[in-house]
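These notes are about the structure you will find just below.
Numbering (the UniProt record's numbering), first residue to last: 1 to 547.
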């Protein structure tokens, strides 16, 4: 493998650990826990793993541990730092006993079910320390939900003598980890299951999980490029840049990038839903900012848009639901109609409110809503080019305003979508340290006989030595939600809180950013240099943890 100069230099970086994990540790148990909601239902579903105490690791006396084998799975979308979670796990179990072995299951949970695995030895691990991506063993999106999958998995765990399995994933993957832990505990199989909180979206967090890994790096990567675009924007002074950012269900990435780069506009999906805003409300808001800046002689600007925005607009949500139901029942008839007549056909069949919204959409977006379905017949919202939808509708509104004398400037748009560019970036110092600590903490949870726990590292705005390592029962984060027509236990997603410190800080300054050109250019992620540049946590964490 040919390595870049940065890869070679980063391989020498030694991630920092919380002081409590640098020697022998003991698990200090806190109070019993309960789920965030639906306590009785969750307790019935998880009788063996419900109500367990919070765990904090403190310095303890050294003891000997018998050899054991551990398995690890990378699940779901990639996030910077996954390789360091595995490195921390490897170093942790080797410190417990050098004879311990680590097995990686290939291409996600499917590797467990299909018995596709490899032993991860020191020479393999050393190639991947402080690198981005999940390519050490690959990832996958197989859901572990069925008894036959659990049993197939147990076959290979038993064959390899694996005592504990670590699942590195987001909310769905950790929900699956919790279900698996409960199943193996109920069967007395002697297999522990530990989760690690991963997702660049930032929507897997609570009081005990301050941030999901990868969020820091992804936001710094996107913010660098947004800053570059803002500088270009302020140099050419002739384009409005509409930038869509990854984050399907929550707007944490868009908000964090706004706090780092100070764009003219940042739409927050959760606010759109709370205020019951229509698509036209959003378009009018953007158009007004464009018009106000044009009146001041500034025919340029930047707009940040969260990926999942469409699903948070209440009227669009109702339109999509009606479209899904109608096309599921009348798909054959729809497909038999001439392509040029399909739009009129849909409009004639929808309710009055939804027909009006559908008719207002640009042709391309309307077609995406009615033609591009997933295997379940639902609209593939992630394929909708929201940035183009908004800029087209803003252009139409501005043209009308121009005729009325309400807009005196020029409007030209450029479009961008930043998603995959941030998922496999080399981890920032924060994520390199945080992920290594999460993996190491997972090894200590295993050593202390825990199952159904998620690795937790807190106090993350302090220097790494002062971080608090421990574990949180996964059942504590669960509630019941409707999935595919039935109620299921799932980890509650953490959306942007409109009464939270990060959003409030943004809300105070956004009107100023809209009028002025107040761009900030964060530059690339810093791996080397002064601590205040290299090791700073996200603005989100700084606001949330402010004393």
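We treat Cβ as the ideally placed atom computed from N, Cα and C, and that holds for glycine.
Three-state class that DSSP yields for residue i in the structure shown
| i | result |
| --- | --- |
| residue 326 | helix |
| residue 302 | strand |
| residue 141 | coil |
| residue 228 | helix |
| residue 164 | strand |
| residue 519 | coil |
| residue 271 | helix |
| residue 44 | helix |
| residue 198 | strand |
| residue 559 | Past the boundaries of the shown model lies residue 559; the chain is included only from 1 to 547, so the question cannot be answered. |
| residue 435 | helix |
| residue 192 | strand |
| residue 525 | coil |
| residue 456 | strand |
| residue 502 | helix |
| residue 65 | coil |
| residue 407 | coil |
| residue 134 | coil |
| residue 125 | helix |
| residue 424 | coil |
Cβ shell of residue i (< 7 Å), same chain only, five flanking positions each side left out
| i | result |
| --- | --- |
| residue 459 | 466, 467, 468 |
| residue 346 | 358, 370 |
| residue 258 | 266, 304, 506 |
Residues sharing a beta bridge with residue i, DSSP
| i | result |
| --- | --- |
| residue 418 | 245 |
| residue 479 | 490 |
| residue 401 | None, per the DSSP bridge assignment. |
| residue 240 | 301, 413 |
| residue 28 | 56 |
| residue 103 | 71, 119 |
| residue 534 | Looking at the DSSP assignment, residue 534 forms no beta bridge with any residue, so it has no partner. |
| residue 266 | 304 |
| residue 552 | Outside the modelled stretch of the chain, which goes from 1 to 547, sits residue 552, for which no answer is possible. |
| residue 169 | 197 |
| residue 213 | 198 |
Nonlocal neighbours in the same chain, by C-beta distance under 8 Å from residue i, ignoring five residues either side
| i | result |
| --- | --- |
| residue 369 | 319, 320, 323, 358, 361, 379, 384 |
| residue 66 | 97 |
| residue 546 | 501 |
| residue 444 | 21, 25, 27, 57, 92, 469 |
Length of the line joining the Cα atoms of residue i and residue j
| i | j | result |
| --- | --- | --- |
| residue 400 | residue 365 | 21 Å |
| residue 181 | residue 198 | 18 Å |
| residue 281 | residue 501 | 25 Å |
| residue 521 | residue 425 | 19 Å |
| residue 272 | residue 253 | 16 Å |
| residue 454 | residue 86 | 15 Å |
| residue 225 | residue 266 | 16 Å |
| residue 407 | residue 234 | 21 Å |
| residue 297 | residue 515 | 11 Å |
| residue 548 | residue 160 | Within the shown structure, residues of the chain are numbered from 1 to 547, placing residue 548 beyond reach of any answer. |
| residue 494 | residue 77 | 18 Å |
| residue 349 | residue 486 | 28 Å |
| residue 338 | residue 332 | 12 Å |
| residue 91 | residue 293 | 55 Å |
| residue 154 | residue 42 | 24 Å |
| residue 355 | residue 279 | 14 Å |
| residue 230 | residue 110 | 42 Å |
| residue 499 | residue 56 | 29 Å |
| residue 353 | residue 315 | 9 Å |
| residue 83 | residue 489 | 29 Å |
| residue 172 | residue 410 | 46 Å |
| residue 236 | residue 299 | 10 Å |
| residue 212 | residue 270 | 19 Å |
| residue 19 | residue 480 | 37 Å |
| residue 382 | residue 492 | 21 Å |
| residue 10 | residue 33 | 40 Å |
| residue 79 | residue 106 | 17 Å |
| residue 392 | residue 222 | 24 Å |
| residue 63 | residue 35 | 34 Å |
Chain-order list of residues whose beta-carbon lies under 6 Å from that of residue i (same chain, five-residue window excluded)
| i | result |
| --- | --- |
| residue 88 | 436, 439, 440 |
| residue 183 | 150 |
| residue 287 | 394, 397, 398 |
Contact test: residue i Cβ vs the ligand MN heavy atom, cutoff 6 Å
| i | result |
| --- | --- |
| residue 466 | As for the ligand MN, it is missing from this structure, which has no ligand bound. |
Decide yes or no for the touch test of the segment 425-433 against the segment 206-220: beta carbon pairs closer than 8 Å, at least 3 of them. yes
Would you check if the segment 191-202 and the segment 156-172 touch, i.e. whether three or more CB-CB distances between them fall below 8 Å? Touching, per the Cβ criterion.
Below 8 Å, how does it come out for the segment 116-128 and the segment 472-482: are there three or more Cβ pairs, yes or no? No: the two stretches stay apart, fewer than three of their Cβ pairs being nearer than 8 Å.
Decide yes or no for the touch test of the segment 110-123 against the segment 69-88: beta carbon pairs closer than 8 Å, at least 3 of them. yes
Could you check whether the segment 409-420 touches the segment 241-251, counting it as contact only if at least three pairs of C-beta atoms, one from each stretch, sit closer than 8 Å? Short answer: they touch.
Below 8 Å, how does it come out for the segment 529-538 and the segment 279-296: are there three or more Cβ pairs, yes or no? no
The segment 389-399 contacting the segment 44-61, beta-carbon criterion three pairs below 8 Å: Verdict: no, contact absent.
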